[in-house]
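Okay, structure first, notes after.
2 protein chains.
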Amino acid sequence: MASPPTRSRDELARARLAGPDEGISAEELSLAARNHAMPMEAMRWDLTPVGLHYVLVHYDIPALDPAAWRLRVAGLDGSAAALSLADLAALPRRTVAVTMECAGNGRALLEPRPVSQPWLSGAVGTAEWTGVPLADLLAAAGVRPDGLEVVFTGADHGVERGVEQDYARALPVAEALRPDVLVATEMNGAPLPVQHGFPARLVVPGWYGMAHVKWLTDVAVVDHEFDGFQHQAYRLRQEPDDEGVPVTRILPRALLVPPGFPDFMTRDRTVTAGPVALTGRAWSGTGEVTRVEVSTDDGGHWADAELGPSTGRYAWREFRTGWDAEPGDHVLLARATDETGQVQPTGPAWSRGGFANNGSEPVRVRVVASG
Amino acid sequence: MASPPTRSRDELARARLAGPDEGISAEELSLAARNHAMPMEAMRWDLTPVGLHYVLVHYDIPALDPAAWRLRVAGLDGSAAALSLADLAALPRRTVAVTMECAGNGRALLEPRPVSQPWLSGAVGTAEWTGVPLADLLAAAGVRPDGLEVVFTGADHGVERGVEQDYARALPVAEALRPDVLVATEMNGAPLPVQHGFPARLVVPGWYGMAHVKWLTDVAVVDHEFDGFQHQAYRLRQEPDDEGVPVTRILPRALLVPPGFPDFMTRDRTVTAGPVALTGRAWSGTGEVTRVEVSTDDGGHWADAELGPSTGRYAWREFRTGWDAEPGDHVLLARATDETGQVQPTGPAWSRGGFANNGSEPVRVRVVASG
Chain A
1 MASPPTRSRD ELARARLAGP DEGISAEELS LAARNHAMPM EAMRWDLTPV GLHYVLVHYD
61 IPALDPAAWR LRVAGLDGSA AALSLADLAA LPRRTVAVTM ECAGNGRALL EPRPVSQPWL
121 SGAVGTAEWT GVPLADLLAA AGVRPDGLEV VFTGADHGVE RGVEQDYARA LPVAEALRPD
181 VLVATEMNGA PLPVQHGFPA RLVVPGWYGM AHVKWLTDVA VVDHEFDGFQ HQAYRLRQEP
241 DDEGVPVTRI LPRALLVPPG FPDFMTRDRT VTAGPVALTG RAWSGTGEVT RVEVSTDDGG
301 HWADAELGPS TGRYAWREFR TGWDAEPGDH VLLARATDET GQVQPTGPAW SRGGFANNGS
361 EPVRVRVVAS G
Chain U
1001 MASPPTRSRD ELARARLAGP DEGISAEELS LAARNHAMPM EAMRWDLTPV GLHYVLVHYD
1061 IPALDPAAWR LRVAGLDGSA AALSLADLAA LPRRTVAVTM ECAGNGRALL EPRPVSQPWL
1121 SGAVGTAEWT GVPLADLLAA AGVRPDGLEV VFTGADHGVE RGVEQDYARA LPVAEALRPD
1181 VLVATEMNGA PLPVQHGFPA RLVVPGWYGM AHVKWLTDVA VVDHEFDGFQ HQAYRLRQEP
1241 DDEGVPVTRI LPRALLVPPG FPDFMTRDRT VTAGPVALTG RAWSGTGEVT RVEVSTDDGG
1301 HWADAELGPS TGRYAWREFR TGWDAEPGDH VLLARATDET GQVQPTGPAW SRGGFANNGS
1361 EPVRVRVVAS G
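These protein sequence lines are chains A and U, in that order.
Take 1 as the starting number for the first sequence in the numbering used here and just add one per residue.
Take 1001 as the starting number for the second sequence in the numbering used here and just add one per residue.
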């Protein structure tokens, strides 16, 4: 591999901004084609059907041999172990329903647009993940979590802004030891699909997707703050030289199941006039969703939707409301509030990398007279 | 629904062409985000793993209740039946391995670019489909195939160029009665994923994807040539006023498993100098693949690759060759020939709708010295 360029890590992590009226580039399209978004009508399901959950792969999907795979675990004191899938299967397992969302969801809706994976609003999905709590795994491996952070490395290997790397992210020890942080080997009761990290991945309920390291190969307790490439990249910055704030937990968001039927090209919707049930799902990584409001006039008025049963802390929650649809063009919006009082903004939340944009997604509907 | 516009069907079926240097539009991006391409590294698997097979949904994925679902079957003489999933399960079943490819695969590589679903080269996948041969199903339903064509209608409902429709396509009777044309209810041994047509879809081995009607609800024998919207749309035209030629069978194509590892944004590949195994897969709907050639100098020279075992008529076939990679920038190409003598072109095959572009896909590789 050629030597990495001499630019600073901070410089390397900055996204280019698209110019005014600059269309989506061939490079952005190639990312949109290979990384899968959830189509909006799939918001109708509590658990996202197989193959529709969003996927972002930084480099290539690795082809790992499950028989040869080992999870290397290392402590500060030199303790180390290498666990096989059979070793993991012998440990207590837990299943957690989790709504996972890419930190870049909504990036391509921003102006100016940061040039990277051009997500609209579909970089999300909900699954039941089954695996071994990381705390139990460390204990079984004889590795004491007595450091500052835990670094997780996956087998996804590539180059990003000139830096060759295995994808790696860290968590503070206290976060890593939460009982619902899993080394997961199953998704919705089946072995992980290859694109979701087969044979094992990290699941960190409540955090944006970049924390859930796929194709996990190494877990290391360290005594310092890990400053790998992906920690420089995933920061909220307004200006290129900002130190920025790390991207961590998922901000509140509500999305509607688009009513009626779509136009192939514009995706605008046609709805028949009369009573229409509007439903959707809402989630937040910072607290349980306690309120969802819906507007049928592009934010002019808001009405509280009825919330479905609580789904625990980390899976999206259904909401529903009625609408007496009158002929004409309408823009539908939804916004979520969580138990910490955080309210989803209706406008876009801009940052230089296009992270954590949880602005409401407008659903354009043409209501036509029945018959 | 508003009245359809007064433009002719032929006019409605024409794609707009993007202007010179016109970037991908927001509408094209929304299609790229919701319709999934197969990432190129998945070319390494004989059967495309769950969730990685390409999917094109014209309108919305329907939510069909499998208990209430019926397949309505109708003949010219007024004979009709409505079959449940249990009725289908009682009929003889067959499994066929099929490489399926969207007719629009490669559209976004064309210049000028027809504005529609902007596929690069990943609108493809291979699966084992299990279902009831259509011929047996018609016989069991007491419907005689004594017409000219068989029309297949799905539950996917929407608007396309002003025409509200359920997605519908027809086959000539002789084609529809081929013993490997299936009403499939399983993909790779499991019930169809919702996005692949649950609970039942048509599978027409060898034809481009538009023929394999998903969410099938109606099968009707007719005595005329069906001229529905999708038959106007899927035609090869050079000029807007051409009558055009119907898109039918998949043209030969070979694709490489990209060697080495990628850059996140450009997807360009880095390979270490020395012996490199180049592998890939090739397919054709017009005849079995009998030859694959590989070039490592952008088409300057071609060498025959070794073909893997025959996979039958309709599933892709592995090929492999060696390459002594020397440092520098290289463009790799592959091209397939089938038993009918059809050779894949190395340049793009342009048509007004962007269909059946089976030009070779360049794989850009930077070879670096080892160590």
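All C-beta atoms in this analysis are idealised placements derived from N, C-alpha and C, irrespective of residue type, glycine included.
Out of A:ARG267, A:LEU307, A:ALA356 and A:TRP302, which one is the CA nearest neighbour of ALA1026 of chain U? Ranking the options by Cα distance to ALA1026 of chain U, first place goes to A:ARG267.
At least three beta-carbon pairs within less than 8 Å, the region 272-280 of chain A to the region 320-337 of chain A: Taking 8 Å as the limit for Cβ pairs, the verdict is that the region 320-337 of chain A does touch the region 272-280 of chain A.
Going by the DSSP bridge assignment, what does TRP1129 of chain U pair with across the sheet? Answer is U:VAL1096 and U:MET1187.
Any chain U beta carbon closer than 8 Å to THR6 of chain A: Low confidence applies to THR6 of chain A: its pLDDT is 46, below 50, so where it sits in the model is not reliable, and the reading given next is rough at best. No - not a single Cβ of chain U is within 8 Å of the one on THR6 of chain A.
Just to make sure I have the definition right: I need the residues of chain A whose C-beta is within less than 7 Å of the C-beta of GLY1023 of chain U. Which are they? Correct list: GLU22, GLY23, ILE24 and SER25.
Exposure of THR6 of chain A, with buried meaning 16 or more beta-carbon neighbours within 10 Å: Residue placement at THR6 of chain A is flagged as unreliable, the pLDDT there being 46, under the threshold of 50; a coordinate-derived value is accordingly withheld.
Write down the C-beta distance between ARG1237 of chain U and GLY122 of chain A rounded to the nearest angstrom, noting that I regard them as a contact closer than 8 Å. With 8 Å as the limit, ARG1237 of chain U and GLY122 of chain A do not qualify as a contact, their Cβ atoms being about 33 Å apart.
Mapping DSSP to helix, strand and coil, what is GLY1209 of chain U? Correct three-state label for GLY1209 of chain U: helix.
Report yes if the C-beta distance between VAL1294 of chain U and ALA1303 of chain U is below 8 Å; otherwise report no. The Cβ atoms of VAL1294 of chain U and ALA1303 of chain U lie closer than 8 Å to each other.
Using 8 Å for Cβ pairs, my map puts PRO1062 of chain U next to ALA1155 of chain U. What's the rounded Cβ distance? Contact annotation, PRO1062 of chain U with ALA1155 of chain U: C-beta distance approximately 4 Å; criterion of less than 8 Å satisfied.
Alpha carbon to alpha carbon, how far is GLU160 of chain A from PRO4 of chain A? Give it in angstroms, no decimals. Note on PRO4 of chain A: pLDDT 42, under 50, position unreliable in the model; no value is reported.
Give the interface partners of THR1099 of chain U over in chain A, defined as CB-CB distance under 8 Å, in chain order. Chain-order list of chain A residues neighbouring THR1099 of chain U: empty, with the shortest C-beta distance near 18 Å, by a criterion of under 8 Å.
Could you pull out every unbroken alpha helix (DSSP H) segment of at least 4 residues lying fully inside the region 1228-1309 of chain U, listed in chain order? Listed in chain order, they are 1229-1233.
Nearest to ASN1105 of chain U by alpha carbon, out of U:TRP1316, U:VAL1222, U:LEU1120 and U:HIS1036? When only C-alpha atoms are compared, the closest one is U:LEU1120.
Could you name the residues of the region 246-277 of chain A whose beta carbon sits closer than 7 Å to any beta carbon of chain U, in the order they occur along the chain? For the region 246-277 of chain A, which is checked against every Cβ of chain U, the residues closer than 7 Å are PHE261, PRO262, ASP263, PHE264, MET265, THR266, ARG267 and THR270.
For GLU1339 of chain U versus GLY1287 of chain U, is the C-beta distance shorter than 8 Å? One thing to note: GLU1339 of chain U has its Cβ within 8 Å of the Cβ of GLY1287 of chain U.
Residue ranges of each alpha helix (DSSP H) run of no fewer than 4 residues wholly in the region 14-56 of chain A, ordered along the chain? Segments of the alpha helix (DSSP H) lying fully in the region 14-56 of chain A: 26-34.
In terms of alpha-carbon separation, which member of A:ALA108, A:GLY206, A:ASP60 and A:SER30 lies closest to PHE198 of chain A? Answer by Cα proximity: A:ASP60.
Under 8 Å Cβ to Cβ from SER79 of chain A, same chain only, skipping five residues before and after it: list those, please. Cβ within range, chain order: ALA141, GLY142, VAL143 and ARG144.
Beta strand (DSSP E) containing VAL331 of chain A: first to last residue? Following the DSSP letters along the chain, one finds VAL331 of chain A inside the beta strand (DSSP E) bounded by residues 328-338.
Coarse secondary structure for MET1138 of chain U, derived from DSSP in three states: Note that residue 1138 of chain U is Leu in the sequence shown, not Met. In the structure shown, LEU1138 of chain U falls within a helical segment according to DSSP collapsed to helix, strand and coil.
Inter-residue CB distance, GLY359 of chain A and ALA349 of chain A (contact presumed, cutoff 8 Å): Indeed, because the Cβ distance is near 6 Å, the residues count as touching under 8 Å.
Based on the DSSP secondary-structure assignment, which residues constitute the bridge partners of ALA1074 of chain U? In DSSP, ALA1074 of chain U forms a bridge with U:ALA1080 and U:ALA1220.
Give a yes or no on whether the C-beta atoms belonging to LEU1071 of chain U and VAL1219 of chain U are separated by under 8 Å. Yes; because the gap between Cβ atoms is below 8 Å, this pair is in contact.
Can you tell me which of U:ALA1168, U:GLY1131 and U:PRO1112 puts its alpha carbon nearest to the alpha carbon of PRO1191 of chain U? Selected option, being the one with the closest Cα: U:GLY1131.
Using a Cβ cut-off of 9 Å, which residues of the region 187-199 of chain A contact any Cβ in chain U, in chain order? Answer in chain order: ALA190, PRO193, VAL194, GLN195, HIS196 and PHE198.
Check whether ALA15 of chain A and VAL115 of chain A have beta carbons under 8 Å apart: A contact, by the Cβ cut-off of 8 Å.
For MET1265 of chain U, the nearest candidate out of A:LEU134, A:LEU29 and A:ASN357 (CA to CA): Here the closest residue by C-alpha is A:LEU29.
Please compile the residues from chain U whose C-beta is within a distance smaller than 8 Å of the C-beta of SER295 of chain A. Simply none; closest approach about 22 Å.
Assign SER1351 of chain U to buried or exposed, taking buried as 16 or more other Cβ atoms, counted over all protein chains shown, within 10 Å of its Cβ. Under the 10 Å beta carbon count, SER1351 of chain U is surrounded by 16 or more other beta carbons and is classified as buried.
Inter-residue CB distance, TYR1054 of chain U and GLY1125 of chain U (contact presumed, cutoff 8 Å): Right, the Cβ-Cβ distance comes to about 5 Å (below 8 Å), so this counts as a contact.
GLY1075 of chain U to PRO39 of chain A, Cα distance in whole Å? Computed Cα separation, rounded: 36 Å.
Do ALA18 of chain A and GLY312 of chain A count as a contact pair if the criterion is CB distance below 8 Å? No, the pair does not count as a contact, with Cβ atoms beyond the cut-off.
Beta carbon proximity, PRO118 of chain A to chain U, threshold 8 Å: For PRO118 of chain A, the answer is yes, since a Cβ of chain U falls inside 8 Å of its Cβ.
Roughly how many angstroms separate the alpha carbons of LEU1088 of chain U and PRO1133 of chain U, rounded to a whole number? Their backbone Cα atoms lie some 10 Å apart in a straight line.
Determine whether the Cβ of SER1360 of chain U lies closer than 8 Å to any Cβ atom of chain A. No, no contact with chain A.
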